[in-house]
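Heads up, the sequence shown is in the numbering used here, so the first residue is 38 and it goes up one at a time.
No residue lacks a Cβ here, since even glycine has one placed at the ideal position from N, Cα and C.
Computed from a predicted structure; not experimentally measured.
Here is the structure we will look at, set down as structure tokens.
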Amino acid sequence: MARAYFSAAILVLAGAGVLAAGPVRAETEVTPEAVEAVTEGDSDRFSLVAADGDILRVDRQNGTVSICRQKNANWRCNPVPLAEEAYLAEINALAAEVENLTARLETLEAGKEDSGIPLPPGSAVDRPVDKKIPEDGSSKLTAEDEEELDKVLSFTETAMRRFFGMVRELQKDLDSSGN
């Protein structure tokens with residue numbers, strides 16, 4: 038249905054005589070009562086085209102296009118959204134976001150702790166720094182931390198040995214099948 042409105046709008050605007058034409062010419066299926074209701078009594082200002090049971094209304098003074106639909110006994114005309122306006126709105130929203138992010142980056146690079154902008158939960162800047170590395174180079178890991186580290190290193194070593202063993206076996210298989 039939107040395609041029909043778009044096609045009708047193109048046809049209306051592409052026609053050389055549409056905006057320069059005389060009084061409202063009601064195309065197919067537009068009744069005189071609908072013409073009066075949709076043009077708000079100013080029939081010289083608008084061009085009308087029937088489109089899927091609705092009326093496409095082109096304002097000759099400012100070039101706006103509206104879709105008029107009959108709801109109960111009343112006609113309601115809503116402007117057809119322009120793609121250019123949507124693009125400009127999105128560009129403006131993105132420009133504002135870029136400005137906010139640039140200001141945030143400048144604040145962070147300047148080293149200001151309290152910028153008034155909330156940080157996302159779990160961000161690195163949000164975490165407390167309470168552990169310091171000793172200057173003598175010794176480790177201050179607890180026995181539990183040392184044990185966990187040993188488990189991780191042992192697992193990693195075993196996984197790497199298995200991986201390289203599989204690679205060697207694969208190379209042997211490829212070398213023997215290539216001969």
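Fill in: Collapsed DSSP secondary structure at proline 118 in the structure displayed
To locate residue 118, count along the sequence shown from 1; it is residue 81. Note: proline 118 maps to coil in three-state DSSP.
Worksheet entry | Neighbour-count burial assignment, arginine 94, 16 or more Cβ in a 10 Å radius | Within the sequence shown, numbered from 1, the residue matching residue 94 stands at position 57. Around the Cβ of arginine 94, a 10 Å sphere holds 16 or more other Cβ atoms; the residue is buried.
Practice prompt. May I ask you to report which of helix, strand or coil DSSP gives valine 204?
Written response: Indexing the sequence shown from 1 puts residue 204 at position 167. It is helical.
Worksheet item: Using a Cβ-Cβ cut-off of 8 Å (strictly less than) and excluding sequence neighbours within five positions of glutamine 98, which residues of its own chain qualify?
Response: The count along the sequence shown starts at 1 and reaches residue 98 at position 61. In its chain, beyond the 5 residues on either side, Arg82 have a beta carbon closer than 8 Å to the beta carbon of glutamine 98.
Discussion item. In the DSSP output, what is glycine 103 paired with across the bridge?
Written reply: Within the sequence shown, numbered from 1, the residue matching residue 103 stands at position 66. Correcting the residue identity first, residue 103 is serine in this sequence and not glycine. DSSP, once it has assigned bridges, lists Arg94 and Pro116 as partnering serine 103.
Fill in: With 16 other Cβ atoms within 10 Å as the buried cut-off, status of aspartate 91
Here the question's residue 91 lines up with position 54 in the sequence shown. Counting Cβ neighbours within 10 Å, aspartate 91 comes out buried, since at least 16 surround it.
Worksheet item: What does DSSP give as the partner residues of serine 84 in its beta bridges?
Response: Residue numbering aside, residue 84 sits at position 47 when the sequence shown is read from its first letter. Beta-bridge pairing links serine 84 to Val95.
Worksheet item: Is asparagine 111 helix, strand or coil by DSSP?
Response: Position 74 of the sequence shown, counted from the first residue, corresponds to residue 111. DSSP places asparagine 111 in the strand class (E or B) of the three-state scheme.
Worksheet item: Out of curiosity, what's the CA-to-CA distance linking arginine 106 and alanine 147?
Response: Here residue 106 is taken as the residue at index 69 of the sequence shown, counted from 1. Here residue 147 is taken as the residue at index 110 of the sequence shown, counted from 1. A straight line joining the alpha-carbon of arginine 106 with that of alanine 147 spans about 57 Å.
Practice prompt. Compute the Euclidean distance between the alpha carbons of alanine 110 and glutamate 121, then round it to the nearest angstrom.
Written response: As a working mapping, residue 110 is identified with position 73 in the sequence shown. As a working mapping, residue 121 is identified with position 84 in the sequence shown. Approximately 34 Å between the Cα atoms of the pair.
Worksheet entry | DSSP-derived helix/strand/coil call for leucine 186 | Reading the sequence shown from its first residue, position 149 is the one you call residue 186. Assigned with DSSP and collapsed to three states, leucine 186 falls in helix.
Worksheet item: Assuming valine 102 contacts leucine 85 under a Cβ cut-off of 8 Å, what Cβ separation, rounded to an integer in Å, is found between them?
Response: By one-based count along the sequence shown, residue 102 stands at place 65. By one-based count along the sequence shown, residue 85 stands at place 48. Not quite, the Cβ-Cβ distance comes to about 11 Å (not below 8 Å), so this is no contact.
Item to complete: Let me know if valine 75 comes out buried or exposed under the rule of 16 or more other beta-carbons within 10 Å of its beta-carbon.
Response: Within the sequence shown, numbered from 1, the residue matching residue 75 stands at position 38. Buried, since its Cβ has 16 or more Cβ neighbours within 10 Å.
Discussion item. Checking 8 Å against the spacing of the C-beta atoms, do cysteine 114 and isoleucine 128 come in under that value?
Written reply: Counted from its first residue, the sequence shown places residue 114 at position 77. Counted from its first residue, the sequence shown places residue 128 at position 91. Going by beta carbons, cysteine 114 and isoleucine 128 fall outside the 8 Å limit.
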